[in-house]
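Student:
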Amino acid sequence: MKASVRILIVVSNRRVRGLGYHYAQAFTELGHEVLFHGLEDVPWLTLRGRAAYRIKRLKPFIRVTEARQRKQLVKAAADFRPALAIFMGAAGWDAALIRQVKEMCEGRVVVLATDDPTVVPGLKSLAWLEGLGEFDTVFVPAKAAIATFYQLGAKRVATYGFSYNPKFHFPRAASGPYNAVAYLGSWGPLQEMWLDRIAAEFALRIYGWGWQHASRTSRARACWARGEGLEADMNAAIASSRIIFNMTRAEHGCTYSAKTLEIPACGGFMLTNWTPEQAELFEDGKECVFYNTMDDMLDKVRYYLENEAEREKIRRAGMQAVAPYTYKNSATSLLKLMGIAGTER
2 MKASVRILIV VSNRRVRGLG YHYAQAFTEL GHEVLFHGLE DVPWLTLRGR
52 AAYRIKRLKP FIRVTEARQR KQLVKAAADF RPALAIFMGA AGWDAALIRQ
102 VKEMCEGRVV VLATDDPTVV PGLKSLAWLE GLGEFDTVFV PAKAAIATFY
152 QLGAKRVATY GFSYNPKFHF PRAASGPYNA VAYLGSWGPL QEMWLDRIAA
202 EFALRIYGWG WQHASRTSRA RACWARGEGL EADMNAAIAS SRIIFNMTRA
252 EHGCTYSAKT LEIPACGGFM LTNWTPEQAE LFEDGKECVF YNTMDDMLDK
302 VRYYLENEAE REKIRRAGMQ AVAPYTYKNS ATSLLKLMGI AGTER
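Numbering (our numbering), first residue to last: 2 to 346.
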């Protein structure tokens, strides 16, 4: 058995079951000592939790909030003395904070970027990205993002792959009536346009954040299941839907995302737009179904709703196709890239 190492994982909110949470589980399963540190500990799925978060971010409180968060993080790093510190998400880490954490670490400090931060809505200034140059390595999910992060000041950029967590993303029996089509994702004007066309013809259910921003006359907005199908309830939403419509976003460089792996892992039949990255993972018409144009997508929804046997065959093959892409395997690969041996059990 190889020796375990101490790994600090830093996320914005400890309660969110996202990338950091799944990597923390994976490193723990590999036998490493993990400290999962959140700048916030907010029950984000509750109205009260979101309200408390927003109050602390108001101008009268923001400086006090951020100073407290910095102090707690630096102390956690000093007490834990990790061999590797991993920050989740590219934006919002200032250079001085990263330098302080590095002083407390016995090894390297890296960041896993999930998005191309230059196109994320709400990014007001490149100052939000000043910390990128302080990380030993910036990991990005697609080769297309490498040049952007070097332009933003990264010293070293490497790729990592999106994954799924078998303890979290697994098939679940349907507990209610079936939706013809479901979409799992946050609101965006482009997503709203496509989903409006689906809602005009099919029984659609939307699970995700921010759909209150959709047009009040939008068909898609009327299909939003506010507060449902999120995090641990994702597999229940997928189980109750015949077709899962997926659409890569500009924030991901229109390449692929975690949903690309999570939907099939949860047993969903995935209809997604064609990208080179997704085409490397799936065989079209056998493990998922790709579309390009709006008409192409609608034709395929009609066809596969009428052909259950084909849909079922593709759904099962999709589950097999993503089987190797677990967070545990990704965590092992990341450690090797950093020159850190994984624990064998």
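Where a beta carbon is used, it is the ideal one built from N, C-alpha and C, also for glycine.
#1: Please state the DSSP three-state secondary structure of M339.
#2: I need the DSSP call for S258, collapsed to helix, strand or coil.
#3: Using a 10 Å radius around the Cβ and a threshold of 16 neighbouring Cβ atoms, would you call M194 buried or exposed?
#4: In three-state terms, what does DSSP make of N330?
#5: Alpha carbon to alpha carbon, how far is Y22 from E135?
#6: Ignoring anything shorter than 3 residues or poking outside the region 174-228, list the beta strand (DSSP E) runs there in chain order.
#7: Looking at C-beta atoms only, is the number of pairs between the region 167-181 and the region 228-236 that lie closer than 8 Å three or more?
#8: Using DSSP's beta-bridge definition, name the partner residues of V158.
#9: Determine the direct distance from the alpha carbon of T333 to that of K287, and round the result to whole angstroms.
#10: Tell whether a beta-carbon distance below 8 Å holds between A86 and Y328.
#11: Starting from L40, follow the alpha helix (DSSP H) in both directions and report where the run begins and ends.
#12: Just to confirm my understanding: we take R15, look at its own chain, exclude 5 residues before and 5 after, and list those with CB closer than 6 Å. What are they?
#13: For A145, which of N308, K337, D137, T115 has the nearest alpha-carbon?
#14: Among the residues of its own chain, which have a CB less than 7 Å from the CB of R206, if the five just before and after it don't count?
#15: Can a CB atom of chain B be found closer than 8 Å to the CB of R222?
Tutor: The structure says:
#1: The sequence position of residue 339 within the sequence shown is 338, counting from 1. It is coil, neither helix nor strand.
#2: Along the sequence shown, one-based indexing puts residue 258 at 257. Coil at S258, not helix or strand.
#3: Here residue 194 refers to the residue found at position 193 when the sequence shown is read from its first residue. That one is exposed.
#4: Position 329 of the sequence shown holds residue 330. Residue state, collapsed to three classes: helix.
#5: Taking the first residue of the sequence shown as position 1, residue 22 is located at position 21. Taking the first residue of the sequence shown as position 1, residue 135 is located at position 134. Going by the C-alpha atoms only, they are around 23 Å apart.
#6: 180-185, 205-208
#7: yes
#8: As a first step, residue 158 must be located in the sequence shown, where it is residue number 157. According to DSSP, which records beta bridges pairwise, V158 is partnered with V139.
#9: Taking the first residue of the sequence shown as position 1, residue 287 is located at position 286. Taking the first residue of the sequence shown as position 1, residue 333 is located at position 332. Roughly 29 Å between the two C-alpha positions.
#10: To locate residue 86, count along the sequence shown from 1; it is residue 85. To locate residue 328, count along the sequence shown from 1; it is residue 327. Against a cut-off of 8 Å, the Cβ pair of Y328 and A86 comes out as no contact.
#11: Taking the sequence shown and counting its residues from 1, one reaches residue 40 at position 39. Premise fails: L40 lies in the beta strand (DSSP E), 34-41, not in any alpha helix (DSSP H).
#12: Locating residue 15 in the sequence shown gives position 14, where the first residue counts as 1. Within the same chain, R15 has close Cβ partners G39, D42.
#13: Translated into positions along the sequence shown, residue 145 becomes position 144. The shortest C-alpha separation from A145 is found at T115.
#14: Here the question's residue 206 lines up with position 205 in the sequence shown. Cβ within range, chain order: N180, A183, C224, A226, S242.
#15: Any reference to chain B falls outside this structure, which holds one protein chain only.
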